[in-house]
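Engineer: Before we start, here is the structure in question, set down as C-alpha cells.
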Amino acid sequence: MHIDRIKPASLYGGTPYDYATVAPAGRLVFTAGACPLDPGGRVVCPGNLGGQARQAMANLFEVLEASGSGPDRVLKTTVFVTAARRSDLVLAWDVVTDAFAGHEPPSTLVGVSFLGYPEPLVEVEAVALA
Numbered sequence: 123m124h125i126d127r128i129k130p131a132s133l134y135g136g137t138p139y140d141y142a143t144v145a146p147a148g149r150l151v152f153t154a155g156a157c158p159l160d161p162g163g164r165v166v167c168p169g170n171l172g173g174q175a176r177q178a179m180a181n182l183f184e185v186l187e188a189s190g191s192g193p194d195r196v197l198k199t200t201v202f203v204t205a206a207r208r209s210d211l212v213l214a215w216d217v218v219t220d221a222f223a224g225h226e227p228p229s230t231l232v233g234v235s236f237l238g239y240p241e242p243l244v245e246v247e248a249v250a251l252a
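Numbering (our numbering), first residue to last: 123 to 252.
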C-alpha cells in the first residue's frame, strides 16, 4: 500500500514530520497541526492570536491543496489554542470559522498550556478527503 507524504516546498522545510499523509483507500488526508510559521520557520505575528490563527489556516489550506484536497473537503478539524481565558478560544474559533467561509466541518476546540514550538499560540489539524 502506497501512502503519499506531503511536505510542500513553500512551507518551512525544517519540521521533523510530514505536513500531511494521504491514504489510498478513500483518499483520506490526515494533516499535522498547521502552525503560524512563515516559509523560513519564523513565527508570524508574535503574541497576536488572531494573526497567528489566520497564518495557521493559510498554512493548513496550502497543505490541503498540496494533498489534492481543499477547505470544502475537510471532514474534521482540531484546534489547539494556548489560552488563559475562554475569550482566547473564541477569538481563534472565529478566525477558523471565517476561513472556512460557510463550510462547517465538525471540530474540537482545545485550550492547552503550551504547544510544540515556543512562540505559537494556535495549531490546527484536519482530516479531509483528497
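Note that CB positions come from ideal geometry on N, CA and C, so glycine has one too.
#1: Below 8 Å, can you find three or more Cβ-Cβ pairs linking the segment 133-141 to the segment 227-246?
#2: Which residue wins for smallest C-alpha separation from V217, given the options G192, L182, D160?
#3: The alpha helix (DSSP H) spanning V218 covers which residue range?
#4: Use the C-beta contact count for A223: other C-beta atoms within 10 angstroms, 16 or more gives buried, fewer gives exposed.
#5: Measuring alpha carbon to alpha carbon, tell me which residue in R207, V185, T204 is nearest A248.
#6: With a CB to CB cut of under 7 Å and the five nearest residues on each side skipped, what residues in its chain are close to L213?
#7: Have a look at A156 and H124 and give me their C-alpha separation to the nearest angstrom.
#8: Could you give the DSSP three-state label for G163: helix, strand or coil?
#9: Across which residues does DSSP place V144 in a beta bridge pair?
#10: Distance, Cα to Cα, T153 vs V166?
Structural biologist: With the structure as the only source:
#1: no
#2: L182
#3: 208-222
#4: exposed
#5: V185
#6: L171, G172
#7: 24 Å
#8: coil
#9: D126, V151
#10: 20 Å
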